[in-house]
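Step one of this worksheet: look at the structure below.
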Amino acid sequence: MILRDGPKRPRYPLALIHPLGPLFRHLPPGLRRHLLYLRTCGRWGNFTNPTLWSEKMAWRALNDDRTILKMGADKLASKEYMRRVIAAQGGAAACAIPETYWVGTSVRELRQHEHQLPARWVLKPNHSSGRVVLVDTGREPVDWERLERVAARWLAPDEEVTVMAHQAYGGARPLLFAEQRVGDLEASPHDVRVFGFTDRAEATTIWEVQESTGSHTPAFTNYRFTETFTRKERYHFRDGAPDEATLLEAASEHVRTTLLEIGRGAIAPFDHVRVDFYLEAGSLWFGELTVYPGAGLLTFNIGVDRERGALWELPDLSTPDPREAEWRALLAETPKGTLQA
Numbered sequence: 001m002i003l004r005d006g007p008k009r010p011r012y013p014l015a016l017i018h019p020l021g022p023l024f025r026h027l028p029p030g031l032r033r034h035l036l037y038l039r040t041c042g043r044w045g046n047f048t049n050p051t052l053w054s055e056k057m058a059w060r061a062l063n064d065d066r067t068i069l070k071m072g073a074d075k076l077a078s079k080e081y082m083r084r085v086i087a088a089q090g091g092a093a094a095c096a097i098p099e100t101y102w103v104g105t106s107v108r109e110l111r112q113h114e115h116q117l118p119a120r121w122v123l124k125p126n127h128s129s130g131r132v133v134l135v136d137t138g139r140e141p142v143d144w145e146r147l148e149r150v151a152a153r154w155l156a157p158d159e160e161v162t163v164m165a166h167q168a169y170g171g172a173r174p175l176l177f178a179e180q181r182v183g184d185l186e187a188s189p190h191d192v193r194v195f196g197f198t199d200r201a202e203a204t205t206i207w208e209v210q211e212s213t214g215s216h217t218p219a220f221t222n223y224r225f226t227e228t229f230t231r232k233e234r235y236h237f238r239d240g241a242p243d244e245a246t247l248l249e250a251a252s253e254h255v256r257t258t259l260l261e262i263g264r265g266a267i268a269p270f271d272h273v274r275v276d277f278y279l280e281a282g283s284l285w286f287g288e289l290t291v292y293p294g295a296g297l298l299t300f301n302i303g304v305d306r307e308r309g310a311l312w313e314l315p316d317l318s319t320p321d322p323r324e325a326e327w328r329a330l331l332a333e334t335p336k337g338t339l340q341a
């Protein structure tokens, strides 16, 4: 099993002053976000009238508790949402969604389906980020006792809520789920992350795509586009020549068109969201929605931070959401996996 269990907890005495220690979470949310911002960016942020992307993400964390963000933070709800988006775009055959095998709160219950599970599968918490267990019984048997301990810890509130003040994760359903593992190799599939901003005045969607390899030292490629891909920059470049075709440039026109159409549909009701896809063996897979990319604490240079901030038009929180009932319905019930039907 490969376990990714969120950020590493500090030891004493560092824990006494560290954001992930036992004391920081008791500070008021606004002060917590300011201290996190100062620690990451080296400056005091303006969260009242924000202009930078990083400041606007802090504003979202502190002020925006709309149901649409809770739906986006709830992995199972966002899978169902994307299933509808893909169907509406006619792209069901071109963009797959990993099959959900089981949903629940007890790994002991999941273990009852042990002989029905495929050799390779994934366990995730529905209401958090950065936590996953990758299982491959062709390499080693499942350590069910360890899995129970990990899963029990995952069900408790974690740093997304107690430290980062990410309200949307607090509104996601505290569940565990087992799903299909994309790809046949030990390495992770290639990521394609679409940063989307909706310009309501112009009724258009502005995008930036970040493509990365599945390696531990990835090469990233940024694109800025509306209808076509235009390579903007490439950084952390490891192998090959700078003019070498990237994964998306080498992909079929059908894959690129599908990414544009489905990405546009997914982004449309949000003011800003990141849509994560996998590109595996020439096929496109949906991964998840991310409403707090990098916890809003990514270390952009100030120019990129300002540029992305200018693209993001913050919502008027006093305006009713016409799709509120739809988002609530997606969060209303506990779904079942295909092994529970």
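Numbering (the working numbering), first residue to last: 1 to 341. Note that CB positions come from ideal geometry on N, CA and C, so glycine has one too.
Cα-Cα separation between residue i and residue j, rounded to whole angstroms
| i | j | result |
| --- | --- | --- |
| residue 290 | residue 127 | 12 Å |
| residue 271 | residue 110 | 37 Å |
| residue 150 | residue 130 | 13 Å |
| residue 87 | residue 94 | 10 Å |
| residue 278 | residue 288 | 10 Å |
| residue 16 | residue 141 | 39 Å |
| residue 9 | residue 20 | 6 Å |
| residue 169 | residue 114 | 29 Å |
| residue 79 | residue 330 | 10 Å |
| residue 292 | residue 57 | 7 Å |
| residue 179 | residue 264 | 25 Å |
| residue 67 | residue 144 | 35 Å |
| residue 121 | residue 83 | 20 Å |
| residue 310 | residue 301 | 14 Å |
| residue 107 | residue 1 | 15 Å |
| residue 18 | residue 41 | 16 Å |
| residue 75 | residue 194 | 17 Å |
| residue 43 | residue 32 | 14 Å |
| residue 323 | residue 50 | 27 Å |
| residue 273 | residue 262 | 14 Å |
| residue 45 | residue 186 | 41 Å |
Backbone secondary structure at residue i - three-state DSSP
| i | result |
| --- | --- |
| residue 184 | coil |
| residue 170 | helix |
| residue 30 | helix |
| residue 5 | strand |
| residue 307 | helix |
| residue 104 | strand |
| residue 190 | strand |
| residue 163 | coil |
| residue 285 | strand |
| residue 259 | helix |
| residue 144 | helix |
| residue 24 | helix |
| residue 157 | coil |
| residue 175 | coil |
| residue 272 | strand |
| residue 323 | coil |
| residue 291 | coil |
| residue 337 | coil |
Residue j beta carbon less than 9 Å from that of residue i
| i | j | result |
| --- | --- | --- |
| residue 105 | residue 155 | yes |
| residue 99 | residue 189 | no |
| residue 85 | residue 266 | yes |
| residue 259 | residue 284 | yes |
| residue 335 | residue 103 | yes |
| residue 54 | residue 314 | no |
| residue 138 | residue 119 | yes |
| residue 72 | residue 47 | no |
| residue 6 | residue 158 | yes |
| residue 319 | residue 101 | no |
| residue 275 | residue 183 | no |
| residue 171 | residue 317 | no |
Proximity test, residue i beta-carbon vs the ligand SAH heavy atom, cut-off 8 Å
| i | result |
| --- | --- |
| residue 321 | The model depicted lacks the ligand SAH and carries no ligand whatsoever. |
Could I get the ranges of all uninterrupted alpha helix (DSSP H) runs contained in the segment 36-89, with 4 residues as the minimum, in chain order?
For the segment 36-89, whole alpha helix (DSSP H) runs of length 4 or above, ordered along the chain, are 53-63, 67-73 and 75-88.
Should the segment 246-265 be called in touch with the segment 172-179, which here means at least 3 C-beta pairs below 8 Å?
Counting C-beta pairs closer than 8 Å gives fewer than three between the segment 246-265 and the segment 172-179, which falls short of the contact rule.
For the segment 158-165 and the segment 29-48, state whether three or more C-beta atom pairs, one from each stretch, are separated by less than 8 Å.
Because the criterion of three Cβ pairs below 8 Å is met, the segment 158-165 and the segment 29-48 touch.
When you compare the segment 249-258 with the segment 55-69, are there three or more beta-carbon pairs, one atom per stretch, that lie closer than 8 Å?
Of all C-beta pairs linking the segment 249-258 to the segment 55-69, fewer than three are shorter than 8 Å, placing the two stretches out of contact.
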